[in-house]
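To start, the structure itself, in structure tokens.
Protein chains: 2
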Amino acid sequence: MEADSSLQDRVPRKRRKMQRVTMMDVAKLAQVSPSTVSLYLRKPAAVSPAAGQEIARAISTLGYVPNLVAGGLAAASSKVVSIIVPSIRNAFFAETVSTLQAELAAEGLQVILGHSEYGEDQEEALVRTALSWAPAAVVLTGLSHSTGTRKLLQASGVPVIEMWEIGGKPIDMAVGFSHPQVGASAARHLLSKEGRSIAFLGARMQEDHRAAKRASGFAEEAKRAAEHVTCEIINHPGAATVEAGSLLLSRALQQIPDLDGIACSNDLIALGALFECQRRGIDVPDRIAVVGFGDLDFSASCIPSLTTIRPSGDLIGKEVARLILAGIHGEHPTGASRIIDTGHVLVERRST
Amino acid sequence: MEADSSLQDRVPRKRRKMQRVTMMDVAKLAQVSPSTVSLYLRKPAAVSPAAGQEIARAISTLGYVPNLVAGGLAAASSKVVSIIVPSIRNAFFAETVSTLQAELAAEGLQVILGHSEYGEDQEEALVRTALSWAPAAVVLTGLSHSTGTRKLLQASGVPVIEMWEIGGKPIDMAVGFSHPQVGASAARHLLSKEGRSIAFLGARMQEDHRAAKRASGFAEEAKRAAEHVTCEIINHPGAATVEAGSLLLSRALQQIPDLDGIACSNDLIALGALFECQRRGIDVPDRIAVVGFGDLDFSASCIPSLTTIRPSGDLIGKEVARLILAGIHGEHPTGASRIIDTGHVLVERRST
DNA sequence: CTGAAAGCGCTAACAG
DNA sequence: CTGTTAGCGCTTTCAG
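Protein chains in written order, with my numbering: chain D, 1 to 352; chain U, 1 to 352.
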């Protein structure tokens with residue numbers, strides 16, 4: 001206390017925060033130098049057991065919490081991974097982000113989250129601030145980005161992983177699957193169930209390029225596969241919701257009276273379609289077969305249970321984490337191993 | 001040493017990253033001092049138009065991206081808000097986090113995300129690393145935390161907001177609603193529909209304290225309201241999924257043969273219950289009335305449409321953001337305004 | 001194995 | 001309005 005009054009140099013001009021316990025304080029108490037504390041924190045084994053014990057004690061009595069901001073600055077790369085997804089409300093991305101976050105947290109990496117809302121300009125802004133953190137890696141969704149985004153990222157030298165899509169030229173690395181192939185699988189499945197008048201029901205396909213690619217893969221496969229097959233793509237401009245699914249089915253029925261098979265861009269849409277069929281007394285799968293995409297929570301339990309394509313958002317999260325961690329440990333994947341295909345699985349249930 | 005200083009001083013010992021463009025570089029090109037650049041970046045109006053233009057030009061030609069890590073260190077508080085939720089897979093929290101992220105991003109704040117998976121120890125660990133970022137605020141879910149978490153947070157001096165629950169003593173500030181009251185509303189509603197043998201179907205209530213509180217509010221209201229009312233609480237130890245809902249309904253029917261009303265801890269459970277009723281040919285709402293919680297995407301569109309209690313995860317996100325931003329702008333709410341009740345709304349639909 | 005020294009890139013008084 | 005001056009708390013050579 002008296003030190004305080006005698007000379008003011010330890011008194012903050014503005015006590016904005018409770019005087020933070022620093023590594024210096026720990027070092028003093030443990031009677032070692034700050035750099036030893038730093039070393040202990042990063043490689044405990046490199047410090048003598050005696051010193052280590054002292055340091056550990058000091059840390060706990062002082063309640064020391066390392067300042068990662070300072071660490072990040074000194075180390076020139078912070079323990080942060082920036083993830084940008086269209087929307088976390090989308091169960092697909094929620095799953096991936098959740099897994100990714102867990103995997104990275106286990107290695108002491110933090111996740112910074114941003115939502116592009118399917119906008120390339122928004123994404124670019126997010127990338128810009130993401131880069132401000134000197135992140136250990138940046139994770140983006142999909143392969144479509146503005147040229148500004150691409151440049152920014154390339155100039156930064158930060159590892160970039162694009163997820164949930166492969167089949168184009170990634171900026172750096174990519175983990176995902178081919179969306180046209182998903183569409184094709186859906187079409188093939190419907191065709192194999194004797195579908196002759198089929199439709200793809202999608203939402204927000206102006207912005208959701210991946211959904212649009214599933215649709216075109218679907219259409220192409222339908223065209224290729226058989227002569228007397230009618231195939232339509234129907235888009236709902238709003239979000240992919242259950243309600244949109246009901247709307248879309250109604251529209252499909254209007255456009256294609258003898259509709260006998262639909263593929264939905266998302267299980268929510270499929271569920272909406274299922275409900276609409278139920279309301280109209282249309283039998284699924286006898287009159288119309290339904291295949292979804294996503295294998296969401298309810299898909300196995302709804303009535304009838306939903307045939308769907310599972311993209312494994314989980315696996316994507318795991319693989320992205322693996323790539324990031326490898327990068328941090330100095331192993332930079334090269335060549336083909338920079339693109340990982342997590343594939344997709346068609347899960348057949350009662351709706352087809 | 002001298003060799004070093006004579007000509008090598010601009011060469012990094014280790015070219016770990018593409019030489020980052022710093023504020024210094026911008027200053028040089030714009031022929032002003034670094035602090036002027038810094039000032040310009042924070043308050044453009046405080047710099048002369050001429051200098052401002054030069055700086056702006058320099059920034060764009062150099063492609064300068066400010067380093068927030070350095071800024072955070074210098075300013076002793078980073079532009080980061082740490083959010084800890086049980087799981088982002090849960091649509092409730094996804095909604096709140098999404099809104100919160102958008103609101104904060106608009107003010108230049110980043111969101112760091114962590115998942116406690118309903119574990120207090122995990123939460124404590126997350127809080128510890130969150131604090132390492134000297135965040136502008138920490139956002140937690142619920143009012144139940146380990147004493148360690150509480151202490152850590154209190155000692156840090158960082159603004160803390162607990163969300164999705166009020167009714168206890170918050171660490172600092174709270175935004176949410178009363179869960180017992182939600183349970184009570186559900187019970188009252190069921191009772192008003194002539195329910196006499198009612199049950200609360202919940203999941204993971206050992207860990208999900210808020211769900212447990214909804215259950216007890218439900219049971220108490222039932223007890224208080226009428227004499228000849230039977231009320232049971234049934235818990236599924238696993239996650240709150242559609243499948244769990246089907247299971248729970250089956251168990252409820254076993255335990256209470258004359259069951260005529262159920263309240264579900266979550267709309268997913270309610271949907272599962274609805275499906276199970278359909279499978280068993282039980283009419284909803286005639287034989288059993290169903291009320292959910294969450295007003296999820298499908299709740300308005302399912303068959304029958306689901307009566308549910310809407311907690312407004314959106315509004316919670318907005319209010320949390322408001323509180324955080326107020327704090328940053330120096331207005332620290334005091335007294336009762338530190339606790340915000342966002343309430344709940346019962347949305348009556350066909351299932352009751 | 002430990003410590004001293006030199007910054008990381010930026011902000012924030014303060015003085016000009 | 002602009003520049004100077006100190007650090008923020010930590011990491012990282014490099015010597016001892």
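Using N, Cα and C, we set each Cβ at its ideal position, and we do this for glycine too. Model, not experiment: these values are computed from the prediction.
Query                                                                                                                                                                                              : Result
Which same chain residues, not among the five before or five after Ser6(D), have their C-beta less than 8 angstroms away from its C-beta?                                                          : Because the pLDDT at Ser6(D) is just 33, under 50, the model does not fix this residue reliably, and the value given afterwards should be weighed accordingly. Nothing meets the Cβ criterion.
Can you tell me whether Val345(U) is buried or exposed? The criterion is at least 16 other CB atoms within 10 Å of its CB, across all chains shown.                                                : exposed
Assign Ala226(U) to one of two classes, buried (16 or more other C-beta atoms within 10 Å of its C-beta) or exposed (fewer than that).                                                             : exposed
Going by DSSP, what residue range makes up the beta strand (DSSP E) through Leu236(D)?                                                                                                             : Rather than Leu, the amino acid found at residue 236(D) in this sequence is His. Residues 230-236.
Identify which residue in Ser246(D), Gly238(D), His236(D), Ala289(D) has its Cα closest to the Cα of Leu259(D).                                                                                    : Ala289(D)
Is Gly327(U) close to chain D, meaning its C-beta is less than 8 angstroms from at least one C-beta of that chain?                                                                                 : no
What would DSSP say about Leu100(D), mapped onto helix, strand or coil?                                                                                                                            : helix
Beta-carbon within less than 8 angstroms of Ala239(D)'s beta-carbon, same chain only, minus the 5 sequence neighbours each way: which residues are those?                                          : Ala203, Arg204
Would you say Ser250(U) reaches chain D, if we count a Cβ-Cβ gap shorter than 8 angstroms as a contact?                                                                                            : no
Looking at C-alpha atoms only, which residue of Ala70(D), Gly72(D), Glu54(D), Pro159(D) is the closest neighbour of Glu331(D)?                                                                     : Pro159(D)
Assign Gly387(D) to buried or exposed, taking buried as 16 or more other Cβ atoms, counted over all protein chains shown, within 10 Å of its Cβ.                                                   : Examination of residue 387(D) is not possible in this model, given that chain D is present from 1 through 352 alone.
Gly195(U): buried (16+ other C-beta within 10 angstroms of its C-beta) or exposed?                                                                                                                 : buried
Taking Cβ to Cβ, would you say Gln359(D) is nearer than 8 angstroms to Gly217(D)?                                                                                                                  : Since the first residue shown for chain D is 1 and the last is 352, residue 359(D) is missing from the structure and cannot be characterised.
Is Thr149(U) closer than 8 angstroms to Val175(U) when the C-beta atoms are compared?                                                                                                              : no
Tell me which same chain residues have a C-beta within less than 6 angstroms of the C-beta of Ser312(D), skipping the five on either side of it?                                                   : Thr342
Using only CA atoms, which one of Glu276(D), Ile269(D), Phe298(D), Asp25(D) lies nearest to Val242(D)?                                                                                             : Ile269(D)
Quick one: give me the first and last residue of the beta strand (DSSP E) that Leu259(U) is part of.                                                                                               : Unbroken run through Leu259(U): none, as it is neither H nor E.
Please return the same chain residues whose Cβ sits closer than 6 angstroms to the Cβ of Ser301(U), not counting the five positions on each side in sequence.                                      : none
Check for me: the alpha helix (DSSP H) holding Thr307(D) runs from which residue to which?                                                                                                         : No alpha helix (DSSP H) contains Thr307(D), which is instead part of the beta strand (DSSP E) from 307-310.
How would you list, in chain order, the residues of chain D whose beta-carbon sits under 8 angstroms from the beta-carbon of Asn266(U)?                                                            : Those within 8 angstroms of Asn266(U) in chain D number zero; the least Cβ separation is about 11 angstroms.
Quick check: the region 98-116 of chain U against the region 70-90 of chain U, are there 3 or more CB pairs under 8 angstroms?                                                                     : yes
When the Cα atoms are used, what is the spatial distance from Asp297(D) to Pro257(D)?                                                                                                              : 31 angstroms
Would a C-beta distance cut-off of 8 angstroms place Leu201(D) and Cys264(D) closer than the cut-off?                                                                                              : yes
Taking DSSP as the reference, what is the three-state secondary structure of Arg350(U)?                                                                                                            : coil
By alpha-carbon positions, which one of Ser35(D), Pro135(D), Ala186(D) ends up nearest to Leu73(D)?                                                                                                : Pro135(D)
Give the interface partners of Ala134(U) over in chain D, defined as CB-CB distance under 7 angstroms, in chain order.                                                                             : Asn67, Val69
For Gly63(D), decide whether its Cβ has a neighbour in chain U, counting only Cβ atoms nearer than 8 angstroms.                                                                                    : yes
Anything in chain D within Cβ reach of Ala300(U), meaning under 9 angstroms, just list it in chain order.                                                                                          : Val242, Glu243
What's the gap between the Cα of Val26(D) and the Cα of Leu68(D)?                                                                                                                                  : 16 angstroms
Could you tell me which of Gly167(U), Val139(U), Asn90(U) sits nearest to Ile361(U), measuring between CA atoms?                                                                                   : Chain U is shown from 1 up to 352; residue 361(U) falls before or after that span and cannot be answered.
Against Ala137(D), what residues of chain U qualify as contacts under a CB-to-CB distance less than 8 angstroms, listed in chain order?                                                            : Chain U residues near Ala137(D): none, gap ~13 angstroms exceeds 8 angstroms.
Just to confirm my understanding: we take Val21(U), look at its own chain, exclude 5 residues before and 5 after, and list those with CB closer than 8 angstroms. What are they?                   : Leu62, Gly63, Tyr64, Val65
What does a CB cutoff of less than 7 angstroms around Ala94(U) pick up in its chain, not counting 5 residues either side in sequence?                                                              : Ile88
Please work out which residues of its chain come closer than 6 angstroms, Cβ to Cβ, to Arg349(D), disregarding the five sequence neighbours upstream and downstream, and give them in chain order. : Ser305, Leu306, Thr307
Quick one, which of His236(D), Leu104(D), Pro49(D) has its alpha-carbon nearest Leu323(D)'s?                                                                                                       : Leu104(D)
Can you give me, in chain order, the residues of the region 84-96 of chain D that have a beta carbon less than 8 angstroms from any beta carbon in chain U?                                        : Ser87, Ile88, Arg89, Ala91, Ala94, Glu95
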